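Worksheet: the structure to be examined is printed underneath.
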Amino acid sequence: MADYEFPDGLLFTRDDEWIRVEDDQVVIGVSDFAQNQLGDIVFVELPDISSETEAGQPFGTIESVKAVSDLCAPLSGEVASINEALEDSPELVNESCYGEGWLIRLRPSDRQQLEDLLDVDAYRKSVAERDTDS
Amino acid sequence: MAPFAGYEMPIQYSSIREEHAAVRERAGLFDVSHMGQIYFSGPHAAPALERLLTCAVASLRVGRARYGLLLNESGGCIDDVMLTREADDEFFLCVNAANVDKARDWIETRVDSQVFVENRSDATALLALQGPAGRAILARLGPSEEDLPKRFRVARLEVAGASVLVSATGYTGSPGFELYVSHTDAERLFEAILEVGGEDGVLPAGLGARDTLRLEAALPLYGHELDEQTTPFEAGLDRFVKDLESGFIGATALAAQADDESGRCLVGFEMIERGIARADYEILHEGEIVGRVTSGAPSPTLGKSIGLGYVPRAQSGIGQALAIRIRSKDVAARVVERPFQ
Numbered sequence: 031m032a033d034y035e036f037p038d039g040l041l042f043t044r045d046d047e048w049i050r051v052e053d054d055q056v057v058i059g060v061s062d063f064a065q066n067q068l069g070d071i072v073f074v075e076l077p078d079i080s081s082e083t084e085a086g087q088p089f090g091t092i093e094s095v096k097a098v099s100d101l102c103a104p105l106s107g108e109v110a111s112i113n114e115a116l117e118d119s120p121e122l123v124n125e126s127c128y129g130e131g132w133l134i135r136l137r138p139s140d141r142q143q144l145e146d147l148l149d150v151d152a153y154r155k156s157v158a159e160r161d162t163d164s
Numbered sequence: 068m069a070p071f072a073g074y075e076m077p078i079q080y081s082s083i084r085e086e087h088a089a090v091r092e093r094a095g096l097f098d099v100s101h102m103g104q105i106y107f108s109g110p111h112a113a114p115a116l117e118r119l120l121t122c123a124v125a126s127l128r129v130g131r132a133r134y135g136l137l138l139n140e141s142g143g144c145i146d147d148v149m150l151t152r153e154a155d156d157e158f159f160l161c162v163n164a165a166n167v168d169k170a171r172d173w174i175e176t177r178v179d180s181q182v183f184v185e186n187r188s189d190a191t192a193l194l195a196l197q198g199p200a201g202r203a204i205l206a207r208l209g210p211s212e213e214d215l216p217k218r219f220r221v222a223r224l225e226v227a228g229a230s231v232l233v234s235a236t237g238y239t240g241s242p243g244f245e246l247y248v249s250h251t252d253a254e255r256l257f258e259a260i261l262e263v264g265g266e267d268g269v270l271p272a273g274l275g276a277r278d279t280l281r282l283e284a285a286l287p288l289y290g291h292e293l294d295e296q297t298t299p300f301e302a303g304l305d306r307f308v309k310d311l312e313s314g315f316i317g318a319t320a321l322a323a324q325a326d327d328e329s330g331r332c333l334v335g336f337e338m339i340e341r342g343i344a345r346a347d348y349e350i351l352h353e354g355e356i357v358g359r360v361t362s363g364a365p366s367p368t369l370g371k372s373i374g375l376g377y378v379p380r381a382q383s384g385i386g387q388a389l390a391i392r393i394r395s396k397d398v399a400a401r402v403v404e405r406p407f408q
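Chains as they are written, first to last, in our numbering: chain A, 31 to 164; chain B, 68 to 408.
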């Protein structure tokens, strides 16, 4: 498997998003594997602040030079803030997917849903099964 | 890697943007061995091709290449091809991978038995070295710069120890070469070019960059801008169509369409508002759906989002305001000159 970054302490979805729990909010982004598979990211469309997300449903889109993909919400909740910097610098997702390239902050409405997410080892395994670049 | 017409094709080696920039500024090397080659030989080859193709064949001199289209009786495109004349009575067509079998079947049932037709697609590999540094790179692998052909000419040369038909053609909008070589020599040639081209900054490039490069140059891609329901006139390829009186297949149907101002035609557009048009998105004029996007992407060189699509002729003028429906939102666009600039 290629050398992707899997930081400890994060949760993941099978759709290659990461989730970091911070008090009553969670921060959401896409994983290193995802940004690598997408290639050069040129456009990120994020939801309005205070809009609602529903677990498993699209909340935005991410476009690379080659294709457009839906961003699926890992959790239901209310959008607390979005990463405004991505409007002018979508490439931050490529450069720093776990840092400056975060997508949205959410106030989860059902913290039980956190139980459905993958821990880093389970996610690493999910990527290994799908990675064709190795 | 992605499967394409039975081949495993790299979409990108490093990054589409980096590979794209390498071709525009230095050089990029593509493995396009999936493209098919159909050879024609014998004294009847030229008249047979003259009847099959929209481009003039008799006037093509030995050692030159010319772009043309293979049409059905209704004037729709079976394929778009590059015709090369290697000798007086030896030609080959470079055809799209997905169309090799279709084109060969079409051709074989329409040429007489005195024309020898051979599909050499599997034995022939094709590398495309595209970009301004291409000439200098090849000149370090054997041929002198003077030996290397000028635009739309071909020469058989020894390159890195392999016998290569070097054709000064391409599909990127940058100058460059297409290198037809035996499949047994292809990998060695690919590696040799990357090695000697290292100092020029040559990069291996994949299908992703090939697509953004050809889109900036507004070169049609079969299956997107061209298909069997689309004529070369609709696609804006008039200059690759010879005199309609010459009797090539499809000419009668084209003649009937030649004065028709009511049809649709291909336009290039750029997004005015933020958004990226993609193939199959709807094109609107004053709130009404008038056409569809055939190709679209953010242009790495121009830093804006561009696309191609079909609209009614009435809405095809330069500067025409249009909208592209992107995920149920109508985003402003306007018709611009092709190639994009």
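For each residue, glycine too, the CB sits at the ideal point set by N, CA and C. This one's a predicted model, so the numbers in the text were calculated from it and none came from an experiment.
_Against chain B, does A158/A count as a neighbour if the rule is that its beta carbon must be under 8 Å from one of theirs?_
Within the first sequence, the letter at position 128 stands for residue 158/A. Cβ-Cβ to chain B under 8 Å: no for A158/A.
*asked:* Can you tell me where the alpha helix (DSSP H) holding G90/A begins and where it ends?
replied: Here residue 90/A is taken as the residue at index 60 of the first sequence, counted from 1. Counting along the chain, G90/A falls outside any alpha helix (DSSP H), though it belongs to the beta strand (DSSP E) covering P88 to S94.
*Quick one: what does DSSP say D38/A is sitting in, helix, strand or coil?*
Working through the first sequence from its first residue, we reach residue 38/A at position 8. In this structure, D38/A counts as coil in the three-state DSSP scheme.
*Could you pull out every residue in the same chain whose Cβ sits closer than 7 Å to the Cβ of E140/B, ignoring the five residues on either side in sequence?*
By one-based count along the second sequence, residue 140/B stands at place 73. Within the same chain, Cβ atoms closer than 7 Å to the Cβ of E140/B are found at I316, G317 and A320, the five residues on either side in sequence being excluded.
*Which of the three DSSP states, helix, strand or coil, is assigned to K396/B?*
Taking the second sequence and counting its residues from 1, the one referred to as residue 396/B is at position 329. The answer is strand: DSSP assigns K396/B an E or B state.
*Starting from the Cα of R281/B, find the closest Cα among L375/B, K396/B, A235/B and P77/B and give me that residue.*
Position 214 of the second sequence, counted from the first residue, corresponds to residue 281/B. R281/B has its Cα closest to that of L375/B, out of L375/B, K396/B, A235/B and P77/B.
*Leaving aside the five residues before and after E157/B along the sequence, list all residues of the same chain whose C-beta is less than 6 Å from its C-beta, in chain order.*
Locating residue 157/B in the second sequence gives position 90, where the first residue counts as 1. Same-chain partners within the cutoff: S108.
_Which residues does DSSP list as the beta-bridge partners of I391/B?_
Working through the second sequence from its first residue, we reach residue 391/B at position 324. Partner(s): I350/B and V398/B.
*How about V56/A and L136/A: do their beta carbons lie closer than 8 Å?*
Here residue 56/A refers to the residue found at position 26 when the first sequence is read from its first residue. Here residue 136/A refers to the residue found at position 106 when the first sequence is read from its first residue. L136/A sits close to V56/A, with the two beta carbons spaced by under 8 Å.
*Could you please give me the residues that DSSP links to D98/B through a beta bridge?*
Here residue 98/B refers to the residue found at position 31 of the second sequence. Answer by DSSP bridge pairing, in chain order: L194/B.
*Taking the CB atoms as reference points, tell me whether A94/B and G264/B lie closer together than 8 Å.*
Position 27 of the second sequence, counting from 1, holds the residue named residue 94/B. Position 197 of the second sequence, counting from 1, holds the residue named residue 264/B. Yes, Cβ-Cβ distance for A94/B and G264/B is below 8 Å.
_Minimum Cβ-Cβ distance from G69/A to chain B less than 8 Å_ = Locating residue 69/A in the first sequence gives position 39, counting from the first residue. G69/A has a beta carbon lying within less than 8 Å of a beta carbon in chain B.
*The alpha helix (DSSP H) enclosing Y279/B, as first and last residue numbers*: Reading the second sequence from its first residue, position 212 is the one you call residue 279/B. Before going on, a small fix: residue 279/B reads as Thr here, not Tyr. Its alpha helix (DSSP H) spans residues L274 to E283.
*When you compare each of R141/A, N124/A and P138/A to Y34/A by their alpha carbons, which one comes out closest?*
Locating residue 34/A in the first sequence gives position 4, counting from the first residue. Per the Cα distances, N124/A.
*chain A within 8 Å of G275/B, Cβ atoms only*: Taking the first residue of the second sequence as position 1, residue 275/B is located at position 208. Chain A, which has a Cβ nearer than 8 Å to the Cβ of G275/B, makes this yes.
*Whole angstroms is fine: what's the gap from E225/B's alpha carbon to L193/B's?*
Locating residue 225/B in the second sequence gives position 158, counting from the first residue. Locating residue 193/B in the second sequence gives position 126, counting from the first residue. Annotation: E225/B to L193/B spans about 15 Å, alpha carbon to alpha carbon.
_Residue from G384/B, L304/B, R380/B and F336/B with nearest C-alpha to S366/B_ = Numbered from its first residue, the second sequence carries residue 366/B at position 299. For S366/B, the nearest C-alpha among the options comes from F336/B.
*Roughly how many whole angstroms lie between the Cα atoms of I79/A and E108/A?*
Here residue 79/A is taken as the residue at index 49 of the first sequence, counted from 1. Here residue 108/A is taken as the residue at index 78 of the first sequence, counted from 1. One C-alpha to the other measures close to 8 Å.
*Among R380/B, A190/B and L96/B, nearest to G237/B - alpha-carbon criterion*: As a working mapping, residue 237/B is identified with position 170 in the second sequence. When only C-alpha atoms are compared, the closest one is L96/B.
*For W48/A: DSSP bridge partner residues*: Within the first sequence, numbered from 1, the residue matching residue 48/A stands at position 18. When DSSP reads this structure, W48/A sits in a beta bridge with F42/A and G59/A.
*Inter-stretch contact (C-beta, 8 Å, three-pair minimum) for the segment 126-138 of chain B and the segment 207-225 of chain B*: By the Cβ rule, the segment 126-138 of chain B counts as touching the segment 207-225 of chain B, because three or more pairs are nearer than 8 Å.
*Have a look at G73/B, G384/B and E283/B and flag the residue whose alpha-carbon is nearest the alpha-carbon of V99/B.*
Locating residue 99/B in the second sequence gives position 32, where the first residue counts as 1. Of the candidates G73/B, G384/B and E283/B, the one whose C-alpha sits nearest the C-alpha of V99/B is G73/B.
_Neighbourhood of E75/A by C-beta distance below 7 Å, restricted to the same chain and skipping five residues each side_ = One-based indexing of the first sequence puts residue 75/A at position 45. Same-chain partners within the cutoff: G90 and T91.
*Where does the unbroken beta strand (DSSP E) through K371/B begin, and where does it stop?*
If you number the second sequence from 1, residue 371/B lands on position 304. Membership of K371/B in the beta strand (DSSP E) is indicated by the continuous run K371 to P379.
*asked:* With a threshold of 8 Å between beta-carbons, can G279/B be considered close to chain A, or not?
replied: Here the question's residue 279/B lines up with position 212 in the second sequence. Contrary to the premise, residue 279/B reads as Thr rather than Gly in this sequence. Taking Cβ atoms only, chain A reaches closer than 8 Å to T279/B, which makes this a yes.
*Please name the residue, chosen from L369/B, G363/B and G386/B, that lies closest to H352/B on a Cα-to-Cα basis.*
In the second sequence, the residue the question calls residue 352/B occupies position 285. Nearest of L369/B, G363/B and G386/B to H352/B, Cα basis: G386/B.
*In chain A, which residues lie less than 9 Å from I78/B when you measure between Cβ atoms?*
Taking the second sequence and counting its residues from 1, one reaches residue 78/B at position 11. Near I78/B (Cβ distances below 9 Å), the residues of chain A are G69 and K96.
*From R277/B to C102/A, what distance separates their C-alpha atoms?*
The residue you call residue 277/B lines up with position 210 of the second sequence. The residue you call residue 102/A lines up with position 72 of the first sequence. Distance from the CA of R277/B to the CA of C102/A, rounded to the nearest whole angstrom, comes to 30 Å.
_Nearest candidate by alpha-carbon position, reference L105/A, set G69/A, P88/A, A97/A and P37/A_ = Reading the first sequence from its first residue, position 75 is the one you call residue 105/A. Checking every option, the nearest Cα to that of L105/A belongs to P88/A.
*Can you say whether K96/A is buried or exposed, counting buried as having 16 or more other CB atoms within 10 angstroms of its CB?*
To locate residue 96/A, count along the first sequence from 1; it is residue 66. By the neighbour-count rule (16 or more Cβ atoms within 10 Å), K96/A is buried.
*Would DSSP call T319/B helix, strand or coil?*
Indexing the second sequence from 1 puts residue 319/B at position 252. When secondary structure is reduced to three states using DSSP, T319/B falls in the helix class.
_Using a Cβ-Cβ cutoff of less than 7 Å, which residues in the same chain neighbour E145/A once the five nearest sequence positions on both sides are dropped?_
On the first sequence, residue 145/A is found 115 positions in, with the first residue counted as 1. Hits under 7 Å: none found.
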